[in-house]
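Take any residue in the sequence shown, count from 1 to its spot, add 737: that is its number in this note's numbering.
Glycine included, C-beta positions come from ideal geometry on N, C-alpha and C.
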Amino acid sequence: SVSAKAEHQPVKASASFEASLNEARQFLTAEGHPQDFDALLDELLTKVVPYLGRFPQIGRPLLDEKAGAVETLTAQEALKLRAAPLLPRQYVSPSFLLIYATANDAVYLLNLRYYRQLSFDLEAMWLAGSPGFSNTAGHE
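As structure tokens, this is what we get:
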């Protein structure tokens, strides 16, 4: 109904989100699937962003969960330090994971990763002997 529109919150992209979008574009282009990026933008603009604006609580709270991927772990640590008033959540799409945060005034998009990108990141780390991973794991 039209009255539901009144509840719509603005959705804002952070610099880190824009950087992660750029990385996704480079990743897909390198993989030879630049058209997947067009599909991603289309899904974000026509579906995800309007949806989050109307239903900001739709995603699962991020900090309550055990972080599965290294990406999520580093995002959690950064958010715990920086984003005290923000409530970080994850929106899980069939092809990507979107990290966003809800505040009183708006919904902030923070990070986006394709699942293919995450497995690629992890493989690259294991192949490199993962010195970065053992370091971050040690800082409890």
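Neighbourhood of residue i by C-beta, 6 Å cutoff - its chain only, sequence neighbours within 5 removed
i    : result
H745 : G790, R791
A840 : L823
L835 : Y828, L849
V748 : V786, L789, G790, V844
Proximity of residue i and residue j at Cβ, strictly below 8 Å
i    : j    : result
A761 : Y851 : yes
F754 : N848 : yes
R826 : L799 : yes
Y828 : V785 : yes
Whole-number beta carbon distance between residue j and residue i, since they are thought to touch under 8 Å
i    : j    : result
A838 : L823 : 4 Å
F833 : L758 : Contact doesn't hold; Cβ gap of about 10 Å is too wide.
Chain-order list of residues whose beta-carbon lies under 7 Å from that of residue i (same chain, five-residue window excluded)
i    : result
S751 : Y845, L846, L847
DSSP bridge partner residues for residue i (one or two, in chain order)
i    : result
L835 : Y828, L849
**OP:** Tell me the start and end of each unbroken alpha helix (DSSP H) in the segment 770 to 805 that is at least 4 residues and wholly inside, in chain order.
**Re:** 771 to 780, 786 to 791
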